[in-house]
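J.: Attaching a single structure in C-alpha cells format; questions to follow.
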Amino acid sequence: MPKKREHSEAIERFRQAGWSGLIALVLCVLTVNALIDQFIWMTQKSFISYPASGEIAFVGTGDDIANPEFPQQREQLAELLDDMREAGVNEVYVDVVFDKSSTPEADARLNTALHDWDGHGFLSSNYTAGLDGIDRFKASIPAIREGVPEVGTDLWQNYLRVVWFVPYIVSDGKTELPSMSTKLADTNLYRNAIHPIDYLFDLTSIPTYELSELQANRTLIQSLRGKKVVIGLSTRDEKNTFTIPGQTNIARSIINIFAAETLKAGHTSSINPYAVLFVAMLAIALVTWIRSSRLRYAGYAIVTLLLPVAIYASGLAGIKINAASAILLLITFALWRLRSRWKRSFRLIDADTNLPSFVALEKDRAIALDAPAIIVARIHRFEEVRKTLAAELHTEYQLRIVDRLKAAEPDAIIYVGPGHLIAWTFAEKEPALIREHLEGLRALFSAPLQVGNAQVDVGITFGVDITPNPNVTRRLAAAVSAAERTNETYDPIEITELGSDEDLYWNISLQARIDAALDNGEIFLVYQPKILVQTGELIGVEALVRWCDPTRGMIPPDHFIKQCESAGRMAHITRYVLRAACEASVAFEEHGRQVPVAVNISATLVHEFAIVTMVREVLEETGMNPQCLTLEITETYRISNFERAGAILSELAALGPKISMDDFGVGAASLEALQRLPFNELKIDRTFTSAIKNNPKAAGIVRSVLQMGRELRIIVVAEGVEDESTLTILRDSGCVVAQGYAISRPVPFDEILNFQMDSKAEPLKKLV
Ligand code: C2E
Ligand code: CA
Ligand code: CA
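To convert, note that position 43 of the sequence shown is 29 in our numbering; the numbers rise steadily by one, no gaps.
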C-alpha cells in the first residue's frame, strides 16, 4: 500500500479511537456502564471464590422472634445469649429490631442478657424499606436497648436487589452508630464514606447455624467459642432478603457478614471507570498506529483479551474493577471500524457505471482458482474523447463501450478499472484462440459508437494474462502492463507468456521501489560500443540502464521502463541515467579518452519542455562537454504533436547534444518524424540489420536508408549487428557506424576503457 494512504488510514483509525473514547466517557457520566459492571461482578463469582475468615458465624431463625405476641421467644433468646457468653463466644450481634414491647418481664430479661455481655453484646438498628419503598430507621424499644451498645446497618438494595456498597457509619440524623461491618471487623470509622462488599467469599465458608438447633443441642454452642456471632432472621420473605452473585433470598445478616469479611480482608479498593477507560484508550490509540494489519489485529486482540485478564486478576486481588467503560470503548471502536470496512467494500463497485471494479476482480476467489485468461482492454484516447463530450455523457460513453464488448462477451462479467481500462475473464488460454477472438472484437469496434448525438471512434487494444497464478492482483497487473505495451498500429494484442511477465506484479508500488532502487545503487548503467565500421575504432557508447534487484536478479529495461512511465517516474529515472552517463563521459576524459555517450530518451518526455531544463542542468552539474552527448529518442511513433516536439528538440540541440532517432523503420510515423524533427542521427532498427544476411528485401531497405542518410547528411547507425558476416555486408554497403553483439555486448564502464586500448592495438581482431 502506498505510504500516503497508509498514513491517512492510520490517522482515521486514531481519530475513531479518540471519538470512541469520548463516547465511552459520556456513557460513563450517564452511568450506562453501571449495569455492565454489575454483570461483570456477578459473573466473576463463577470463576473466583475464596474462603471467608470463619471467625464470624451466623445464627439464623425462621421464626419471627421479634413478634411481641410471643414473650417466651425473647426469654429463650436471652437464655441462648447467656449460654453463648458462658461458652466463650467473643461478641454477639442481635441483628433483629424489637420495636414493640412484649411482657415487661421478657423485655427486661433480654435487656439483662445483653447487658451481661459487658459491651460485647450488640443490638442493631436498621434502615429498612417501608411499604412505600422509603427507607426508615428502626431501633429496638428503650426497655431492651437500655445500656446496650448499638450498631447500625444500612443495606441499600439496587434494582437487582444487590447491595454493592455499605457505609462505615450509619446515622439517623441525630445519632451516629458504627456500622455492623466496621464493628465486626474492628476497623476504623470513616465518616461519610462507603466501602464495597466483596461477594467472592465462599458462602459455605461462613459458619451457619439454626437457632433451634443450638437450643436443642447446647454442646454445639461450644464450637462458637472465640468467634463473633450474628443472630438474625433467615426468613424467605422477599422484602427482607437480598440477592448476591449466584444466589437469591439471602438473609440481611449474611450481607453484613460479607461486608465485615470484606473489611477484614482489606478488599476495599476499587479501580474507577475513568482510570480503566484512560488506560484502554491509550492502548488502543497506540495500536491504531501499527502499520501491518496482521500485527494491528493482534494488538487489538491483546488489548481485548487483557480486559478479562484484568477482571480476573482484580477479582483474585479483591479489587473491584469498573471495566465497563473500557468495554464500551472497545465496542464503539469495533462498530466504527466495521462501518469503515463496510464503506470501503463499496470500492468494489465503480461509482459511475455501477459495474464491478478492478478491486472486485482482484478479490474474486473463483477467478483466482480457475480463470484461464484475464483480458484487459485499453481504450485509446479515452481522456481526449471524454473531454470533447458533455459531462453527463461521460458515463454513457463508458457504458456504450461496455455494451459493445458485451455483444461479443455476453456471459462475461465486465470489470471497469481506472478510466481507460476494462477487464474480464476468458475461458480459453490458447494464445492463437485468444488472438483470433480479440481480432474479432477489434473488428467490432471499427464502427464508431453512438454517444448522445456524437459519433465516437474507439481505439481498442488488449493485454492478456494466461499465467497459471492464483494471485489475481499479480495477474491483473500483468494484463494491465501487457495492455499498456500495446499500440493500435502494429501490436494491438499482447499476451503475457508463462512466467516471464508474472513478475510484473511489482508494477504496484513500483514508484517507491524505483526510488529505493536508485538510492541503493541497484540501478546502474552499462555501455555498448559503437564503432567505425571501416577501422573498428570506438566512436561512442550507448548507455543502457540495468536493474539488479537483490531478490529478482537482473531485470531487463524492457520490463520496467514502461511501468516507470505509467507510474510517472520516467523523468526521475531519466535524470538519473543522464547524470550517470555524463559523469561516465567526464571520467572517460579523465582517463585520457574522449568517448561520446548516447542516452535513451523516451519520446513521451519530448512532450514537455522540462526535458530541456533537465538536460541543461545535468550538463552544468557534471561539466560534460555537450558535443559528446547524443540523445537517442526512442518510440518516436508516440509523438503526436510534431510542432511542439520539434521546438523541444531544437532547444535540446541548441544545448549542444546530437539528436538521434532510435529504432528507425518500426512504427508508422518514422519517415514523417524524420522529416519534421531535427535529427542528426538515425539508428536502423535491429530487425532490419539482423535480417540483411538472409533477406534481400531487408538488405535493400538498409542500403536505401544508408543512401538516404548520405543525402540528408545525417549519420546512420546500424544497430543489432549479431555476426561478422552482417558486419561485412554493412561495410560493403557503405555503412559508417555499427553497434551490436558481434562488436560487443553492453559492458561495465571499466571494460570500455580496455576495449578502446585493445581496439587501438589490433582493431580488426576485436571485431572477429
Ligand atoms: P534500444 O535503445 O534499441 O537499445 C538497444 C538494445 O538492443 C539493448 O537492449 C541492447 O542490449 C540490445 N542489443 C544490442 N546489440 C544487440 C544485438 O546484436 N542483438 C540483439 N538482439 N540485441 C542487441 P536493452 O539494454 O535490453 O534495452 C532495451 C531497450 O530499453 C532499449 O532499446 C531502450 O529502448 C530501452 N532503454 C534502455 N536503457 C534505457 C534508458 O536509460 N532510458 C530509456 N528511456 N530507455 C532505455
Ligand atoms: Ca537506443
Ligand atoms: Ca534501438
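C-beta: ideal position from N, C-alpha, C; glycine also.
Nothing here was measured: the structure is a model prediction, and the numbers come from that model.
#1: What whole-angstrom Cβ distance do I180 and V152 have, given they're in contact under 8 Å?
#2: Please return the same chain residues whose Cβ sits closer than 8 Å to the Cβ of L293, not counting the five positions on each side in sequence.
#3: With a threshold of 6 Å on Cβ separation, who are the neighbours of C568 within its own chain once the five nearest residues in sequence on each side are excluded?
#4: Please tell me whether, using a cut-off of 6 Å, the distance from the CB of G526 to the nearest non-hydrogen atom of ligand 1 is below it.
#5: Under a three-way DSSP split, which group does Q201 fall into?
#6: Taking the straight line between their C-alpha atoms, what separation do you get for Y286 and S256?
#7: Does the distance from the CB of F108 to the CB of Y79 come in under 7 Å?
#8: Measure the beta-carbon distance from I452 to T482 and round it to whole angstroms, keeping in mind my assumption that it falls under 8 Å.
#9: Could you tell me the distance, in whole angstroms, from the CA atom of E488 to the CA atom of K548?
#10: Which residues does DSSP list as the beta-bridge partners of C534?
#11: With a 10 Å radius around its C-beta and 16 neighbouring C-beta atoms as the bar for buried, classify K329 as buried or exposed.
#12: Can you list the beta strand (DSSP E) stretches of 3 or more residues lying completely in the segment 325 to 390, in chain order?
#13: In whole angstroms, give me the CA-to-CA distance for Q441 and T374.
#14: Just to check, is the beta-carbon of N586 closer than 6 Å to a non-hydrogen atom of ligand 1?
#15: Just to confirm, is the Cβ distance from N680 to K644 under 7 Å?
#16: Hey, out of P358, R95, W533, S467, whose CA is closest to A64's CA?
#17: Quick one: grab the DSSP three-state call for D188.
#18: As a quick exercise: from R624, P128, L175, pick the residue whose alpha carbon is nearest that of D93.
#19: Smallest Cα separation from W275: which of M647, T712, P664, G4?
#20: Provide the residue(s) that pair with M647 in DSSP beta bridges, ordered along the chain.
#21: Given S167, which residues of its chain have a CB within under 7 Å of its CB, disregarding the five upstream and five downstream residues?
#22: Check whether the segment 38 to 46 touches the segment 342 to 351, taking contact to mean three or more Cβ pairs, one atom from each stretch, closer than 8 Å.
#23: Taking 6 Å as the cut-off, is the C-beta of I500 nearer than that to any heavy atom in ligand 1?
#24: Tell me G449's beta-bridge partners as DSSP assigns them.
#25: Go ahead and pull the three-state DSSP assignment for D85.
#26: Identify, in the order they occur along the chain, each residue of the same chain with its Cβ nearer than 7 Å to the Cβ of K31, setting aside the five sequence neighbours on each side.
#27: Is there at least one non-hydrogen atom of ligand 1 closer than 6 Å to the beta-carbon of T620?
#28: The alpha helix (DSSP H) with N242 in it runs from where to where?
#29: Suppose the cutoff is 8 Å on Cβ atoms and the five residues either side in sequence are ignored; what does the same chain contact list for L206 look like?
#30: What is the DSSP secondary structure of Q233, reduced to helix, strand or coil?
#31: Between Q24, I120, V512, which lies nearest to P182 when the distance is taken from Cα to Cα?
#32: Going by DSSP in three states, T675 sits in which element: helix, strand or coil?
#33: Under the criterion of a Cβ to heavy atom distance below 6 Å, does D648 qualify as lining ligand 2?
#34: With 16 other CB atoms within 10 Å as the buried threshold, where does H406 fall?
#35: Between L462 and the rest of its own chain, which residues show a CB-CB distance below 8 Å, the 5 nearest in sequence each way excluded?
#36: Beta-carbon separation of T772 and A633 under 7 Å?
T.: Once the coordinates are examined:
#1: By 1-based counting over the sequence shown, the position of residue 180 is 194. By 1-based counting over the sequence shown, the position of residue 152 is 166. Indeed, because the Cβ distance is near 6 Å, the residues count as touching under 8 Å.
#2: Taking the first residue of the sequence shown as position 1, residue 293 is located at position 307. Here the set comprises A266, A309, A312, I313, L316.
#3: Indexing the sequence shown from 1 puts residue 568 at position 582. So the list reads V604, T608, M610, once near-sequence residues are dropped.
#4: As a position in the sequence shown, residue 526 is number 540, starting the count at 1. No - ligand 1 has no heavy atom lying nearer than 6 Å to the Cβ of G526.
#5: Counting from one through the sequence shown, the residue named residue 201 turns up at place 215. Helix.
#6: Residue mapping note: residue 286 aligns to position 300 of the sequence shown, counting from 1. Residue mapping note: residue 256 aligns to position 270 of the sequence shown, counting from 1. Cα to Cα, Y286 sits roughly 25 Å from S256.
#7: Within the sequence shown, numbered from 1, the residue matching residue 108 stands at position 122. Within the sequence shown, numbered from 1, the residue matching residue 79 stands at position 93. Result yes, Cβ atoms of F108 and Y79 sit closer than 7 Å.
#8: By one-based count along the sequence shown, residue 452 stands at place 466. By one-based count along the sequence shown, residue 482 stands at place 496. So it is a contact: roughly 7 Å between Cβ atoms.
#9: Counted from its first residue, the sequence shown places residue 488 at position 502. Counted from its first residue, the sequence shown places residue 548 at position 562. Its pLDDT being 46, under 50, E488 is placed unreliably by the model, and the measurement read from it follows with that caveat. The straight-line gap from Cα to Cα measures roughly 15 Å.
#10: Counting from one through the sequence shown, the residue named residue 534 turns up at place 548. Paired residues: M540.
#11: Numbered from its first residue, the sequence shown carries residue 329 at position 343. By the neighbour-count rule (16 or more Cβ atoms within 10 Å), K329 is not buried but exposed.
#12: 359 to 366
#13: Reading the sequence shown from its first residue, position 455 is the one you call residue 441. Reading the sequence shown from its first residue, position 388 is the one you call residue 374. Near 11 Å, if we compare the C-alpha coordinates of T374 and Q441.
#14: Counting from one through the sequence shown, the residue named residue 586 turns up at place 600. Yes; taking the cut-off as 6 Å, the Cβ of N586 has a heavy atom of ligand 1 nearer than that.
#15: Translated into positions along the sequence shown, residue 680 becomes position 694. Translated into positions along the sequence shown, residue 644 becomes position 658. Going by C-beta atoms, N680 is not nearer than 7 Å to K644.
#16: As a working note, residue 64 is residue 78 in the sequence shown. Per the Cα distances, R95.
#17: Residue numbering aside, residue 188 sits at position 202 when the sequence shown is read from its first letter. Of the three classes helix, strand and coil, the one that applies to D188 here is coil, per DSSP.
#18: On the sequence shown, position 107 is the one that residue 93 refers to. Among R624, P128, L175, the Cα nearest to that of D93 belongs to P128.
#19: In the sequence shown, the residue the question calls residue 275 occupies position 289. W275 has its Cα closest to that of G4, out of M647, T712, P664, G4.
#20: Locating residue 647 in the sequence shown gives position 661, where the first residue counts as 1. Answer is I619, L668.
#21: Position 181 of the sequence shown, counted from the start, is the residue given in the question as residue 167. Here the set comprises V152, N242, A245, A246, L249.
#22: no
#23: As a first step, residue 500 must be located in the sequence shown, where it is residue number 514. False, no ligand heavy atom lies under 6 Å from that Cβ.
#24: Here residue 449 refers to the residue found at position 463 when the sequence shown is read from its first residue. BP columns for G449 point to V362, E480.
#25: Walking along the sequence shown from the start, residue 85 turns up at place 99. Here D85 sits in coil by DSSP.
#26: Here residue 31 refers to the residue found at position 45 of the sequence shown. Taken in chain order, the residues that qualify are Y185, L186, P231, G232.
#27: Here residue 620 corresponds to residue number 634 of the sequence shown, with the count starting at 1. Yes, ligand 1 has a heavy atom inside 6 Å of this Cβ.
#28: Here residue 242 refers to the residue found at position 256 of the sequence shown. 238 to 251 is the extent of the alpha helix (DSSP H) around N242.
#29: For the purposes of this step, residue 206 is taken as the residue at position 220 of the sequence shown. Y195, E199, L200.
#30: Within the sequence shown, the letter at position 247 stands for residue 233. Strand at Q233.
#31: If you number the sequence shown from 1, residue 182 lands on position 196. Here the closest residue by C-alpha is Q24.
#32: Working through the sequence shown from its first residue, we reach residue 675 at position 689. In the structure shown, T675 sits in a helix (DSSP, three-state: H, G or I).
#33: Against the sequence shown, residue 648 aligns to sequence position 662. Yes, the Cβ of D648 comes within 6 Å of a heavy atom of ligand 2.
#34: By 1-based counting over the sequence shown, the position of residue 406 is 420. With 16 or more Cβ atoms within 10 Å of its Cβ, H406 is classed as buried.
#35: As a first step, residue 462 must be located in the sequence shown, where it is residue number 476. Correct list, in chain order: F344, L347, E348, I360, V362, A409, D451.
#36: This structure leaves residue 772 out entirely; the chain is present only between -13 and 754.
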